[in-house]
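Chemist: Numbering (the numbering used here), first residue to last: 16 to 277.
For every residue, glycine included, the Cβ atom is placed at its ideal position computed from N, Cα and C.
The structure under discussion is supplied below as structure tokens; questions concerning it will follow.
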Amino acid sequence: MSRYIPIEVRQGLRQEVFYGCPIHGCGSPYLSYHHFDPPYHEGGTHNPEGMIALCLAHHKYADIGTYTNDQLKSFKKNPFLKGKSVKGRIEWMRRDIILRTGGMTTIKTPIFLEIQRKPLIWVKKSESGVMLLNMDIPGKDGTSIFKIVDNDWELSNSIKDLEAVPSGRSINISAPADGIELMLKFEDVSNDDFKKSLTKYNLSEEDISGFNLNWPSLLVTLKGKIKYPIDIEIKENHFILQKTNTFEGGFIGNSQTGISIA
């Protein structure tokens with residue numbers, strides 16, 4: 016059998032441990048998948064009963080036999096995050112953040128997105144001069160389902176799925192009961208790559224240089240949908256508001272607010 020673990024198996028293993036490493040005191044949401052009963056090199060199968068989701072550090076411990084099979088089965092039944100919210104941290108920190116969402120490119124703009132004058136996505140400069148990401152995505156009752164405060168994030172335990180890859184490069188969230196599907200991706204972008212991505216906006220070399228960006232900058236790509244307080248779907252190249260109004264992205268720089276929806 017292929018080393019590729021089927022999506023439904025990975026999802027089930029994440030759900031089983033409440034989306035965080037099940038080892039007591041850990042709870043890291045950046046999970047990998049360990050075969051233990053039997054080990055993959057012996058069984059070559061992806062039987063979820065003999066697998067467990069672990070953070071990379073505890074996965075390495077498991078690989079060398081630190082935990083017995085009975086202990087691993089106990090972690091599966093009584094994971095550390097049972098009944099708790101999921102918490103993590105975005106380790107990506109650069110002096111500038113570029114947000115790409117719905118075809119919109121936004122730079123040097125403190126508030127990327129606000130709805131009804133309430134910021135949903137914004138950035139703040141730390142004492143060391145790096146830009147930190149903030150988000151506040153509410154559910155149907157108005158309480159936060161997904162919240163980022165200066166790169167530290169917390170997610171309600173009412174979700175259907177969370178996939179945060181061990182590298183920290185992406186976070187995918189599914190909370191259909193609250194109308195939330197989000198995909199966040201983080202990557203470095205160089206000056207040359209950024210210039211190439213802006214050719215469609217007809218910006219001159221002087222225009223781009225005028226933003227005084229520090230390189231590499233952090234490119235944050237956001238796609239998905241939220242339902243509250245306003246139904247908004249974020250596609251690759253456009254937004255859909257209230258399921259009927261479509262508008263394409265553009266370029267925003269050196270502004271206080273990128274997108275403001277009344």
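Which residue wins for smallest C-alpha separation from Ser224, given the options Lys215, Lys210, Leu233, Asn217?
Modeler: Of the listed residues, the one whose Cα sits closest to Ser224 is Lys210.
Chemist: In this structure, what does DSSP give as the bridge partners for Trp168?
Modeler: Looking at the DSSP assignment, Trp168 forms a beta bridge with Gly103, Ile163.
Chemist: Tell me whether the beta-carbon of Ile274 lies closer than 9 Å to the beta-carbon of Glu142.
Modeler: No, the pair does not count as a contact, with Cβ atoms beyond the cut-off.
Chemist: Please report how far the alpha carbon of Ala77 lies from the alpha carbon of Ser182, in whole angstroms.
Modeler: Going from the Cα of Ala77 to the Cα of Ser182 covers about 19 Å.
Chemist: Assuming Lys162 and Asp151 are in contact, meaning their beta carbons sit under 8 Å apart, how far apart are those beta carbons, in whole angstroms?
Modeler: Right, their Cβ atoms sit about 5 Å apart.
Chemist: Within the continuous beta strand (DSSP E) that includes Glu221, where are the two ends?
Modeler: First-last for Glu221: 220 to 224, but that is the alpha helix (DSSP H), not the beta strand (DSSP E).
Chemist: Please determine, among Gly268, Ile267, Asp246, Gln271, the residue with the shortest C-alpha to C-alpha distance to Thr261.
Modeler: The shortest Cα separation from Thr261 among Gly268, Ile267, Asp246, Gln271 belongs to Asp246.
Chemist: How far does the beta strand (DSSP E) with Lys238 in it reach, from first residue to last?
Modeler: Segment 232 to 241, the beta strand (DSSP E) holding Lys238.
Chemist: Would you list the residues sitting across from Tyr48 in a DSSP beta bridge?
Modeler: Tyr48 is bridged to Ala68.
Chemist: So, do the stretch 63 to 82 and the stretch 105 to 113 have three or more beta carbon pairs nearer to each other than 8 Å?
Modeler: Taking 8 Å as the limit for Cβ pairs, the verdict is that the stretch 105 to 113 does not touch the stretch 63 to 82.
Chemist: Of the choices Thr158, Asn172, Leu148, whose alpha-carbon is the least far from that of Val164?
Modeler: Residue Leu148 is the option with its Cα nearest to Val164.
Chemist: Quick one: what does DSSP say Ile79 is sitting in, helix, strand or coil?
Modeler: The answer is coil: DSSP assigns Ile79 none of H, G, I, E or B.
Chemist: Taking its Cβ as the centre, do 16 or more other Cβ atoms sit within 10 Å of Ile22, making it buried, or is it exposed?
Modeler: Burial call: exposed.
Chemist: Within the continuous beta strand (DSSP E) that includes Lys140, where are the two ends?
Modeler: Looking at the DSSP string, the run of the beta strand (DSSP E) that includes Lys140 is 133 to 140.
Chemist: Mind checking which residues open and close the beta strand (DSSP E) that includes Ser275?
Modeler: Start and end: 272 to 276.
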